[in-house]
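Inspection log for the structure reproduced underneath, given as structure tokens.
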Amino acid sequence: MLAATGPAPCAVGDPELWWPTRGEDRGKHADAVAACRVCPARVACVAYAVAAGERHGIWGGLLPRERLQLARPDAA
């Protein structure tokens, strides 16, 4: 398991894990999502991706459709 300090997992891990192609099974990228859960930059990463409208990749452990839900005006 990764520690909650140190470099972001996406900076040192296999970059392919964070860039799924359309229609790919999320299970294939479960390691990336799990690594994001303990990443010290997770909140900032998601905030950036939502604010920037990132349409691709796993950011802060979330897929694009999950980030779109956060960006909706009625999202809590």
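Counting in UniProt numbering, the sequence shown runs from 1 upward without gaps. For every residue, glycine included, the Cβ atom is placed at its ideal position computed from N, Cα and C. Note that this is a predicted model, so its numbers are computed, not measured.
Proximity to residue i [Cα-Cα], best of the options
i, options, result
"residue 9", "28, 35 and 64", "35"
"residue 22", "56, 69, 44 and 74", "56"
Supposed close pair residue i, residue j - CB separation, criterion 8 Å
i, j, result
"residue 17", "residue 41", "Residue 17 to residue 41, Cβ: 16 Å. No contact."
"residue 60", "residue 38", "No, residue 60 and residue 38 are not in contact; Cβ-Cβ is about 12 Å, not under 8 Å."
"residue 7", "residue 58", "Between residue 58 and residue 7 the Cβ distance is about 17 Å, and since that is not below 8 Å, they are no contact."
Any non-hydrogen atom of the ligand SAM closer than 7 Å to residue i Cβ
i, result
"residue 32", "The ligand SAM is absent from the structure shown, which contains no ligand whatsoever."
Which residues DSSP lists as bridging residue i, in chain order
i, result
"residue 59", "62"
Close Cβ partners of residue i (< 6 Å) along its chain, the five nearest in sequence each way excluded
i, result
"residue 67", "49 and 50"
Contact set for residue i: own chain, Cβ-Cβ below 7 Å, skip 5 residues either direction
i, result
"residue 29", "17, 20 and 58"
"residue 71", "50"
Residues near residue i by beta carbon distance below 8 Å, same chain, minus five either side
i, result
"residue 54", "48, 64 and 67"
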